[in-house]
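Working notes, structure below.
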Amino acid sequence: MRYLIFLMLFLPVQLGAQTGVQPQVTAEAPTDPVTVGQPAIVRIKVLVPTFMPSPPVFPSLEQENLLVRLPERASGPISETVDGETWSGVQRSYRLYPLQAGPIEFGEQEVVVTFADPETNAPTTVNVPLPEMTLNAVVPEGARDLDPLILATGFTVDQQIDGSTEMENGGAITRSLTAKIVGTTPLLVPELIPGIQDPLLSAYPKEPRFTESEDRGVLSGQRVDEIVYLAQQGGQTQLQPITIRWYNLDTNQVEKIDIDAVDLTLAPPKWRPQDADTIFRLLAMAAGLTLVLWAFVRFLGPRVTSWKQARRDKYRISPDFALDALREALQANDISMSYSALELWKLRSDTPEKAIGLEEQLARIGAARYSSRTGSIPEAWAAALSELKVMKQAEHRAQNPLPPLNP
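Below is the structure:
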């Protein structure tokens, strides 16, 4: 019995929702193109034949590249005559600000309406499709070459410098630009301070700050950009000048704002004493190097000295030593020392027979010394040196014989 009563109560509501009079939802949007950043008024009306025990749930209409604002008293009661009867309802107004040019389509959206059934007065909830709407956002012809695009009825930019332009190494200076815009949202104001590639400075930008206000549907506000610059090296540099072009919607003209450059003088880095850790590392490296040198002198020094002495002793008993002594004696025109060095070489050389030519020259020198003819002695000494060269070449060939051509 309980289920039967429930079914009897439920069926009229369902039948009323399916066969009774349904709420009416209409939408009103501008058909003319809308300027980017300027408001487009959209109104949605909901009418029911009875009354609404709870307000309708309107769609937000929010989507990418569209700013949605609800004005004061965005929703209000209305009444209209439908088929000779008075229907009541609610109207919702939107201010839509397109943020870029192009068509804006809202797609399928619904309004959730709860109203009293005309037959039973029972609350009935239905989802009513919203009529299709499209906005067409455009850019004024005179502003189509602007990049970035700024459309407004008023626009100013002020610069503020916080800090000295005579900067010490590691010092900081802050550049702040405040853009005030009238006639649109400050969200359309682009980045104000371009980046820099300067080895003398390091830039640290802050997040931009936005404030927005509305007066009778006209948006305004400001954007504040700040960058902190740290001095890295000494020299002369500047924060570059900035030029911003914008389109005045009142005069339909492109206007320009120039921001002055800021000249900076950066002092070179000051000498700073090393910290304790660095000094300790340097001392440790110096101690290690000293230890290596001491070990080299202590352990390798005697071996190097012995090696040098062995080479010296080997040389003194070699034919080369005798040849060098013979050359010095011949250059000094000392015949006695020449004979002594020659005999020493013949004892040490493997080719003593090569000394015949030199012996002949020494014999001529000796004969000339004890005779009345002395004019030929200089030529004889020169000839003796020539014979010495022949002996050296023969000695070298004997010590380094060439390999046979046909082994």
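Mature numbering (1 follows the signal peptide of the UniProt record, and there is no 0) puts the sequence shown at residues -17 to -1, 1 to 390.
Built from N, CA and C at the ideal position, the CB exists for glycine as well.
Element boundaries [beta strand (DSSP E), containing residue 394]: A query on residue 394 cannot be resolved here, the shown segment of the chain reaching from -17 to 390 and no further.
Going by CA-CA distance only, name the one from Q180, S185, A12 that's closest to E115. A12
Taking buried to mean at least 16 other C-beta atoms within 10 Å of its own C-beta, is F89 buried or exposed? Answer is buried; the Cβ neighbour count reaches 16.
Going by the beta-carbon positions, is the gap between V29 and V8 smaller than 7 Å? It is a contact, given that the beta carbons lie within the stated cut-off.
With DSSP run on the structure shown, which of helix, strand or coil describes L(-11)? For L(-11), the predicted model reports a pLDDT of 31, less than 50, meaning its position is unreliable and no value from the coordinates is stated.
Looking at C-alpha atoms only, which residue of E342, E336, D333, K337 is the closest neighbour of S323? E342
Counting Cβ pairs, one atom from each stretch, are 3 or more of them under 8 Å apart for the segment 91 to 98 and the segment 60 to 69? no
So, at 6 Å on beta carbons, what are the nonlocal neighbours of V373 in its own chain, with the 5 sequence-adjacent residues on each side left out? none
Three-state secondary structure (DSSP) at V19? coil
Measure the C-alpha to C-alpha separation of I242 and I156 and round it to an integer number of angstroms. 17 Å
Whose C-beta lies closer than 6 Å to the C-beta of L184 among residues of the same chain, with five residues either side of it excluded? Y212
Taking the straight line between their C-alpha atoms, what separation do you get for T18 and V51? 15 Å
Using CA atoms only, rank isn't needed, just tell me which of K337, T220, F279, E124 is closest to D246. Selected option, being the one with the closest Cα: T220.
As assigned by DSSP and simplified to three states, the class of K163: strand
In this structure, how does DSSP classify M116 when only helix, strand and coil are distinguished? coil
What residue range does the alpha helix (DSSP H) around R294 cover? Boundaries of the alpha helix (DSSP H) harbouring R294: 284 to 299, taken from the DSSP string.
By the 10 Å Cβ neighbour count, where 16 or more other Cβ atoms means buried, how is M150 classified, buried or exposed? That one is buried.
How about A367 and Q344: are their beta carbons less than 7 Å apart? yes
For N152 and A214, believed in contact at Cβ under 8 Å, the rounded distance: 6 Å
Residue nearest to K163 in terms of C-alpha spacing, selected from T136, P177, Y187, I179: T136
Taking the beta carbon of Q31 as the centre, do at least 16 other beta carbons fall within 10 Å, making it buried, or is it exposed? The sequence given here has Val at residue 31, not Gln. With a threshold of 16 other beta carbon atoms within 10 Å, V31 meets it and is buried.
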